[in-house]
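**Student:**
There are 2 protein chains.
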Amino acid sequence: MARIVMKFGGTSMAGSERIRRVANIVRRQQAAGHEVAVVVSAMAGETDRLVTFCREADALYDPAEYDVVVAAGEQVTAGLLAMTLQAMGCKARSWLGWQLPVRTDDAHAKARIESIDSPALIASMAAGEIAVIPGFQGLTTDNRITTLGRGGSDTSAVAVAAAIKADRCDIYTDVDGVYTTDPRIVAKARKLRHVTYEEMLELASVGSKVLQTRSVGLAMKEGVRVQVLSSFIDDDAPAADTLPGTMIVSDAELANIQKDLNVESHLITGIAADKNEAKVTLTRIADRPGAVATIFGPLAAANINVDMIIQNIAKDKGETDVTFTVPAADLARTQALIEERKEEIGYYRMIAEGKIAKISVVGVGMRSHAGIAATMFKALADRGINIQAISTSEIKVSVLIDEDETELAVRVLHTAYGLDAVDEAA
Amino acid sequence: MARIVMKFGGTSMAGSERIRRVANIVRRQQAAGHEVAVVVSAMAGETDRLVTFCREADALYDPAEYDVVVAAGEQVTAGLLAMTLQAMGCKARSWLGWQLPVRTDDAHAKARIESIDSPALIASMAAGEIAVIPGFQGLTTDNRITTLGRGGSDTSAVAVAAAIKADRCDIYTDVDGVYTTDPRIVAKARKLRHVTYEEMLELASVGSKVLQTRSVGLAMKEGVRVQVLSSFIDDDAPAADTLPGTMIVSDAELANIQKDLNVESHLITGIAADKNEAKVTLTRIADRPGAVATIFGPLAAANINVDMIIQNIAKDKGETDVTFTVPAADLARTQALIEERKEEIGYYRMIAEGKIAKISVVGVGMRSHAGIAATMFKALADRGINIQAISTSEIKVSVLIDEDETELAVRVLHTAYGLDAVDEAA
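Sequence lines, in order, name chains A and B.
Heads up, the first sequence is in this note's numbering, so the first residue is 1 and it goes up one at a time.
Heads up, the second sequence is in this note's numbering, so the first residue is 427 and it goes up one at a time.
1. Taking alanine 357/A and threonine 406/A to be in contact with their CB atoms under 8 Å, please state how far apart those CB atoms are, rounded to whole angstroms.
2. Against chain B, with Cβ distances strictly below 8 Å, would leucine 148/A count as a contact?
3. Based on the DSSP output, what are the partners of cysteine 595/B in its beta bridges?
4. Just to make sure I have the definition right: I need the residues of chain A whose C-beta is within less than 7 Å of the C-beta of methionine 509/B. Which are they?
5. Please compile the residues from chain A whose C-beta is within a distance smaller than 8 Å of the C-beta of leucine 393/B.
6. Would you grab the beta carbon distance between arginine 651/B and methionine 673/B for me? Rounded to a whole angstrom, and I think it's under 8 Å.
7. Beta-carbon within less than 6 Å of valine 838/B's beta-carbon, same chain only, minus the 5 sequence neighbours each way: which residues are those?
8. Leaving out five residues before and five after glutamate 540/B in sequence, what residues of the same chain have Cβ atoms less than 8 Å from its Cβ?
9. Hey, isoleucine 295/A and isoleucine 338/A: beta-carbon distance below 8 Å or not?
10. Would you say asparagine 569/B reaches chain A, if we count a Cβ-Cβ gap shorter than 8 Å as a contact?
11. Using a Cβ cut-off of 8 Å, pull out every chain B residue sitting near leucine 80/A, in sequence order please.
12. Looking at the secondary structure, which residues open and close the alpha helix (DSSP H) in which glycine 723/B lies?
13. Please report the straight-line C-alpha distance between serine 38/A and glycine 73/A, rounded to a whole angstrom.
14. Less than 8 Å between the CB atoms is what I'm expecting for alanine 704/B and alanine 778/B, so what's the real figure, rounded?
15. By Cβ distance below 8 Å, which residues in the same chain neighbour serine 231/A in space, the five residues on each side in sequence not counted?
16. Evaluate lysine 259/A with the Cβ neighbour count: other Cβ atoms within 10 Å of its Cβ, from every protein chain shown; 16 or more gives buried, anything less gives exposed.
17. Can you check DSSP and say which residues form a bridge with isoleucine 194/A?
18. I want to know whether the region 507-524 of chain B touches the region 51-63 of chain A - three or more CB-CB distances under 8 Å.
19. Between valine 836/B and aspartate 596/B, what straight-line distance do the alpha-carbon atoms span, to the nearest angstrom?
20. Counting only Cβ pairs nearer than 7 Å, list the residues of chain B close to isoleucine 19/A.
21. Alpha carbons only, please: which of Leu506/B, Val494/B, Gly471/B is nearest the one belonging to serine 442/B?
22. Whose C-beta lies closer than 7 Å to the C-beta of threonine 566/B among residues of the same chain, with five residues either side of it excluded?
23. Where does tyrosine 347/A sit, in a helix, a strand or coil, going by DSSP?
24. Please confirm if serine 16/A has its CB atom under 8 Å from at least one CB of chain B.
25. Looking at the unbroken alpha helix (DSSP H) that takes in glutamate 431/A, where does it start and where does it end?
26. Is there a Cβ of chain B sitting closer than 8 Å to that of alanine 72/A, yes or no?
27. Given a cut-off of 8 Å, decide if valine 787/B and phenylalanine 750/B are closer than it, judged by their beta-carbon atoms.
28. Just the Cα atoms here: how many angstroms apart are proline 63/A and serine 153/A?
29. What does the alpha-carbon distance come out to for the pair leucine 419/A and glutamine 227/A?
30. At what residues does the beta strand (DSSP E) containing proline 327/A begin and finish?
31. Under 8 Å between C-beta atoms, does serine 520/B make it to chain A?
32. Spell out whether any CB of chain A is found under 8 Å from the CB atom of alanine 513/B.
33. Would you decide whether cysteine 229/A is buried or exposed? Buried here means 16 or more other CB atoms lie within 10 Å of its CB.
34. At the level of alpha carbons, what is the spacing between glutamate 424/A and arginine 190/A?
35. Which residue marks the beginning of the alpha helix (DSSP H) containing asparagine 503/B, and which one marks its end?
36. Within the same chain, show all residues whose beta-carbon is closer than 6 Å to that of alanine 583/B, passing over the 5 residues directly before and after it, in chain order.
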């Protein structure tokens, strides 16, 4: 017997027929002898519908009232799933964010979970009742509804799993696991049986949108074992215990698993591509202390998330070029903010480029091996792909290239790092 | 300065543009110097959509989870109206049923309000904040969401008005008041400036669906002055204080008003028609104690609401005929239940008739005047309209007639009781 949290996204909850499929998956987990809590998203499209209403009501809407409106979407699916489970003969009940409660800070529309009261929930589950919990929602100390920001239901599921000390948090998605790269780009992409929290964080942050980044960070912090698996499974498929999804684990657990299976760790776990960034270069900036702050201070104040920052080697006459990336959706605002401060920053030209892609190779094995980056640069150069910028972290190397070369680059690197293998290994 | 509760139905809340119109009406009440609380319904069609989801989830759905699902509709409109008011520069916030809280019993899907905690609400309103309250929803002592049954938002508004001792509860509807009869049937129907609680109860219960019956009963019990007025008013119309809606008041207040205006009370206040009833006659039932109980006990147990019951004079041989009416929607179930118990009840034939209408004349003046019923019977007979059954209460006379003669009967009676007058009086 295990205690399991299951999470289903909006596509899985879109309409009565799909909710029935979800209920069937949940029912079978309980029938296998487990205590089960289910965290659900709103029906696909519903949150967008509600957000549109908010924008129509007030372009600068009050985030506290926004939370009242959008939290309704998950409330509906939670009630419907509880009913559907009851129709199948299961004991089930919904627990809304304010009922548990899921305590959050008061940063409306982007709240962070602080704690979840678990005793009543645990007692209910122990009594054989399936707990159905709307994701994405919480409660401030002022007794007002909060939401966690888009995609927050993954985080809700991990937080519930941590609170009730669940053995596992199963995230059901429209993919059946985490792959070495996007299978739509590389037919030989392999599903990973295991991936570490840090690898998942890097993969998620560079465009492999299987899980919300914040949920992975929380799982790492709380030591919650997260499994990614498909919600599109047949009614007669095995229960999730034996489903071949991807398990997200700690470095130590991965090492143990690899030892047990007697397999070597790969140097590179996966390759991610992100076309949603834009590149901005400011030329001939005075190479003096504080110059960079005059660029990035205003962007941070405007809540524009700067990702890569590359400052080239200072040229003659104490001048330097600075290149950075921002979300493509923020490019126009970024250009306007920089333009306004041209005097203050003191640059010569601003060159913006929206048609770029960031390609990243990710793997914990990188820590102990040299030459990972060199392999990348050579493989790309051999195919004539020009690297516009480079950035590295402990377990990741990222490059910016022309957007048109995205698919080619991913395929070349997938082969170069030996990820095209046929068999599945840890 | 007055303290006012305003209530808007689903048609008024259907979409951003209409919510903006509502906000404008509310804003102007506040600008006139009043403390304002607003009770809102879900967008028109939304509750039906949510109920359909519930039925698809489980034909015998758990009413506790049904309440979780359907309460979401009013939650959304409450948040949106609060935002829209803020966009107009007003201070406003939503108060959900569980936040106030609105305490109810635990009869899910048809709960009754027991109390509303008012201090926080009153303090917020006194500070100039418009309180936006979703109608229809409450909270059990177990901390679970309840709803009051369809149309419950009128009741919520009256209950809030009672709790905060409001000077007036304005119910904005898609009609601009209560008329002597349906203006679509009788062009000369007059809008009533005042009507008593009891008259309104009788009018509401016989098909004049301006207000939910329960809300009128609560207003009478709590002494809440209720005004019915139109939500389709121009932006530059006068504030509601001077709007010519219909005020629902006590007998004593009506008497005072009539004295002040120096007008006589009408004998008959209004005429209502209801086509949603069906008639069942059981012939030759043994005229013995308990016979009637064997008919109506099973119907009550099946939650079928029997309205009129007429037992004809016992005939020869100790036999009698019993006629009664039920909602047309329940006719088939009623017939099945009676058929099953044919032996036990001991009737000869069951005659069911769906194509009937109930025509009622209502007025508190009836109490002190004879001949009201006689006028009705003669007026109908003069036009050849056959009366199938008669039932009376202290302030109402109802008859059943053929459904095809509904409009004719209403017009004839409207004239017969002198309601066609041109001027408006109390």
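Virtual Cβ for every residue (Gly too), placed ideally from N, Cα, C.
**Tutor:** Looking at the coordinates:
1. About 4 Å separates the two Cβ atoms, so the contact holds.
2. Taking Cβ atoms only, chain B never reaches closer than 8 Å to leucine 148/A, which makes this a no.
3. Answer is Val431/B, Val652/B.
4. Simply Cys54, Ala57, Asp58, Tyr61, Asp62, Glu65.
5. With chain B running from 427 to 852 in the structure shown, residue 393/B is simply not present.
6. The pair is a contact, with the Cβ atoms about 7 Å apart (cut-off 8 Å).
7. Cβ neighbours of valine 838/B beyond the five flanking positions: Ala805, Arg809.
8. Only Arg529, Thr530, Asp531 meet the Cβ criterion.
9. Result yes, Cβ atoms of isoleucine 295/A and isoleucine 338/A sit closer than 8 Å.
10. With 8 Å as the cut-off, asparagine 569/B counts as an interface residue toward chain A.
11. Phe479, Cys480, Ala483, Glu491, Val495, listed in chain order.
12. Per DSSP, glycine 723/B belongs to the alpha helix (DSSP H) from 717-727.
13. A small fix is needed here, since residue 38/A is valine in this sequence, not serine. Each residue's CA atom was taken as its position, placing valine 38/A and glycine 73/A some 16 Å apart.
14. Going by Cβ atoms, the distance from alanine 704/B to alanine 778/B rounds to 7 Å, so yes, they are a contact pair.
15. Cβ neighbours of serine 231/A within its own chain (closer than 8 Å, five residues either side excluded): Phe8, Gly9, Thr11, Ser12, Arg21, Val22, Ile25, Tyr172, Thr173, Asp174.
16. Its Cβ having fewer than 16 others within 10 Å, lysine 259/A is exposed.
17. The sequence given here places histidine at residue 194/A; isoleucine does not occur at that position. Note: histidine 194/A sits in a beta bridge opposite Met247/A.
18. Enough Cβ pairs lie closer than 8 Å, so yes.
19. Cα-Cα distance, rounded: 29 Å.
20. Here the neighbours are Ala483.
21. When only C-alpha atoms are compared, the closest one is Leu506/B.
22. Excluding positions up to five away in sequence, the list reads Thr530, Asp532, Thr572.
23. When DSSP states are grouped into helix, strand and coil, tyrosine 347/A belongs to the coil group.
24. Closer than 8 Å to some Cβ of chain B, the Cβ of serine 16/A qualifies, so yes.
25. Given a span of 1 to 426 for chain A in the structure shown, any question on residue 431/A remains unanswerable.
26. Cβ-Cβ to chain B under 8 Å: yes for alanine 72/A.
27. Phenylalanine 750/B is not a Cβ neighbour of valine 787/B, given a cutoff of 8 Å.
28. Cα to Cα, proline 63/A sits roughly 18 Å from serine 153/A.
29. Roughly 21 Å separates the two Cα atoms.
30. Residue range 319-327 is occupied by the beta strand (DSSP E) that includes proline 327/A.
31. Serine 520/B counts as touching chain A.
32. Judged by the 8 Å Cβ criterion, alanine 513/B is in contact with chain A.
33. First, the amino acid is wrong: residue 229/A is leucine here, not cysteine. Within a 10 Å sphere around the beta-carbon of leucine 229/A sit 16 or more other beta-carbons, which makes this residue buried.
34. Caution is warranted here: a pLDDT of 47 is assigned to glutamate 424/A, below 50, making its placement in the model unreliable, and the coordinate value is therefore given only provisionally. Cα-Cα distance, rounded: 7 Å.
35. First, the amino acid is wrong: residue 503/B is threonine here, not asparagine. Following the DSSP letters along the chain, one finds threonine 503/B inside the alpha helix (DSSP H) bounded by residues 489-513.
36. Same-chain partners within the cutoff: Val431, Lys433, Val465, Cys595.
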